[in-house]
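Residue numbers (this note's numbering): 5 to 640.
Please read the structure below before turning to the comments.
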């Protein structure tokens, strides 16, 4: 309840003191009586008394409800589908704050302000924020929270009576103002507030706003009793939040779920443990100043600031109990909401920023090495070279993602001018330019994008080369290197050396004689090994399997061997070895190791003949395949 800026706190207690909230809170007494389970609790100051119903019927009842009648507590006994009061049976019982009633058919018993009123011929009965309505033929009896009652010449649940206007819902779910239909709610409608030409109500828990003949939904799952409003402000409480709007429906404050009392310029907020009063007209306004790249906001320490990802904190100062934050704006529409919040209060602020979005410009080319050249730094064949220019220098650290075809690179950005020299690999292009995409991001979120068509500039191979020999163990790379400013070109020849070092540990360290198998005699004298050996390397078995050359060494000693063919080498114990067949090479070298001594033998074979045999086999296989599908085979 309220009267201008004075608020009366109502509860569901059977007896409570008058609690008035104005500039201060006044409580008329310390006496409380309320129900806890099936017991009645009385608190007077620091004294607490618990009373149980001692009647035999109370022990049999499912629940016990208490009402005050002539200053005494009377029980209402609840059983399955019925309620018993003073020995009489009723079908329903309801309580809201300080009002309660029993009903059966067309009879209703109302309990209010310690008194009992009985009504006959009741067609409908229901609660609203305004009170309890009992609908009869031709009129409705209205009970208000202060205990007063009067008859209203309408048939319906009364929502508001003021200055000659009766706002109510009839028995056909129509919302009427002095018999003029303004809406329909197929369910329970209740009025939260009414102003000049507008209405804020709840239809089945949905906040609905009426203005100029139209209804619009504002919020769902609202609590009607916790919500409130006045001619200037609207307060809506839903799950976990309470919102206060001005009459233009601009959000002014956001709280945690609370009980609201809204006056013409002030609001009372009760969180359940704390109660405070807020001036809605001259409320707290944080200091906001704008600069060319964003906004500076100053607010009391102890509050927190909520903002979008487009506002980046680039500076924060705490001084004299206030926090000053410098926020750089990286968005593009200029409209942002900043929320200053405390434990209970959230203050949303709309900020209009005249900050131009960051634009990306690129000036440069892609240089491509012709004739299979490659970059000096990296394994690409092209270089993106040029300059990135941003329309303004960012204070926040950003990343620029550059994508060309399937390739993507990213670089750190801390200036508005950045030189680019990025090796990359691109395929052949018929056109002389390709698209390059640039994406400026902050913590993975894109804030600016641009695509540029960048020209391709071919770079030819220089005419002069220098020769380089590179030792690779069993092969030597003979390279003619052509080198330019950005790229290199290599003409490479691979020459086999038939040499790959093998390390074998010493076995004998003292004078001794021994015989190893049937083919080797050796002795050790003064650290020297004397070996007499028969021919240990026999003719290898050479076979063709597909396009592979299979070599099976014949070695009469279990020891490490090396087998060389073309530019390939095998090191290990004897086994069947497979090499790629290369008709240009007709030599196989087999080497074995005895201590630090090596034995080797070279074998020649007709590699060209073997290559032709392989080609004929492949052609015959292809001929058989093409015949099966109706193609004409070639003759050999």
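Beta carbons are placed, not taken as given, at the ideal position from N, Cα and C, and that holds for glycine.
Values in this document were obtained by computation on a predicted structure and should not be read as measured data.
Item                                                                                                                              : Value
Residue 66 burial status per 10 Å Cβ neighbour count (16 or more: buried)                                                         : exposed
Whole-angstrom distance between residue 144 and residue 36, CA atom to CA atom                                                    : 32 Å
Backbone CA spacing between residue 557 and residue 369 [nearest angstrom]                                                        : 58 Å
Alpha-carbon spacing of residue 305 relative to residue 238, whole angstroms                                                      : 29 Å
DSSP three-state assignment for residue 61, whether helix, strand or coil                                                         : helix
Chain-order list of residues whose beta-carbon lies under 6 Å from that of residue 386 (same chain, five-residue window excluded) : 370, 372, 428 and 430
Candidates 227, 186, 232 and 561, of which the one nearest residue 216 by Cα                                                      : 186
Nonlocal neighbours in the same chain, by C-beta distance under 6 Å from residue 269, ignoring five residues either side          : 284 and 285
Backbone secondary structure at residue 345 - three-state DSSP                                                                    : strand
Span of the beta strand (DSSP E), counted from its first residue to its last, around residue 99                                   : 96 to 100
Residues of its chain near residue 632, where Cβ-Cβ distance is below 8 Å and the 5 sequence neighbours each way are ignored      : Residue placement at residue 632 is poorly supported in this model, since its pLDDT is 42, which falls under 50; the coordinates still yield a value, given next. Counting only Cβ-Cβ distances below 8 Å, and skipping sequence neighbours, we find nothing.
Residue 686 - DSSP class collapsed to helix/strand/coil                                                                           : Look at the range of the chain in this structure, 5 to 640, and you will see that residue 686 is not part of it.
With 16 other Cβ atoms within 10 Å as the buried cut-off, status of residue 56                                                    : exposed
Residue 194 and residue 133 closer than 8 Å at C-beta                                                                             : yes
DSSP three-state assignment for residue 509, whether helix, strand or coil                                                        : Residue confidence for residue 509 is low, a pLDDT of 45 falling below 50, so the modelled location carries little weight; the figure read from the coordinates is stated next. Three-state result, residue 509: coil.
Cα-Cα separation, residue 301 to residue 333                                                                                      : 13 Å
Cβ neighbour criterion (16 or more within 10 Å) applied to residue 496                                                            : exposed
Beta bridge counterpart(s) of residue 202 as assigned by DSSP                                                                     : 215
Touch test, the segment 49 to 63 against the segment 76 to 84, Cβ-Cβ under 8 Å, three pairs minimum                               : yes
C-alpha gap between residue 490 and residue 457, whole angstroms                                                                  : 22 Å
Chain-order list of residues whose beta-carbon lies under 7 Å from that of residue 184 (same chain, five-residue window excluded) : none
Among 441, 432 and 108, nearest to residue 454 - alpha-carbon criterion                                                           : 441
Same chain only: Cβ atoms within 6 Å of residue 602, ignoring 5 sequence neighbours per side                                      : 595
Identity of the residue in 218, 242 and 235 nearest residue 224 by Cα                                                             : 242
Residue 146, enclosing beta strand (DSSP E) - first and last residue                                                              : 143 to 147
Residue 131: first and last residue of the uninterrupted beta strand (DSSP E) it sits in                                          : 128 to 132
Residues near residue 510 in its chain [Cβ-Cβ closer than 6 Å; skip 5 each side]                                                  : Model confidence at residue 510 stands at a pLDDT of 44, short of 50, so the residue's coordinates are unreliable; what they give is reported in the following sentence. If we look at residue 510 and ignore the five residues flanking it on each side, it has no Cβ neighbours.
Cβ-based neighbour list, residue 93, same chain, cut-off 8 Å, excluding 5 preceding and 5 following                               : 86, 87 and 108
The segment 459 to 474 / the segment 407 to 420 touching (three or more Cβ pairs under 8 Å)                                       : no
Residue 320 - DSSP class collapsed to helix/strand/coil                                                                           : strand
Unbroken beta strand (DSSP E) run spanning residue 15, endpoints                                                                  : Element bounds for residue 15: n/a, residue is neither H nor E.
Sequence-distant residues of its chain with Cβ nearer than 7 Å to residue 395 (five each side left out)                           : 360, 362 and 363
Contact set for residue 338: own chain, Cβ-Cβ below 8 Å, skip 5 residues either direction                                         : 356, 357, 358 and 359
Other residues of its chain near residue 199: CB distance less than 7 Å, five sequence neighbours each side excluded              : 235 and 251
CA nearest to the CA of residue 411, picked from 426, 399, 402 and 398                                                            : 426
CB of residue 137 within 8 Å of CB of residue 162, strictly                                                                       : yes
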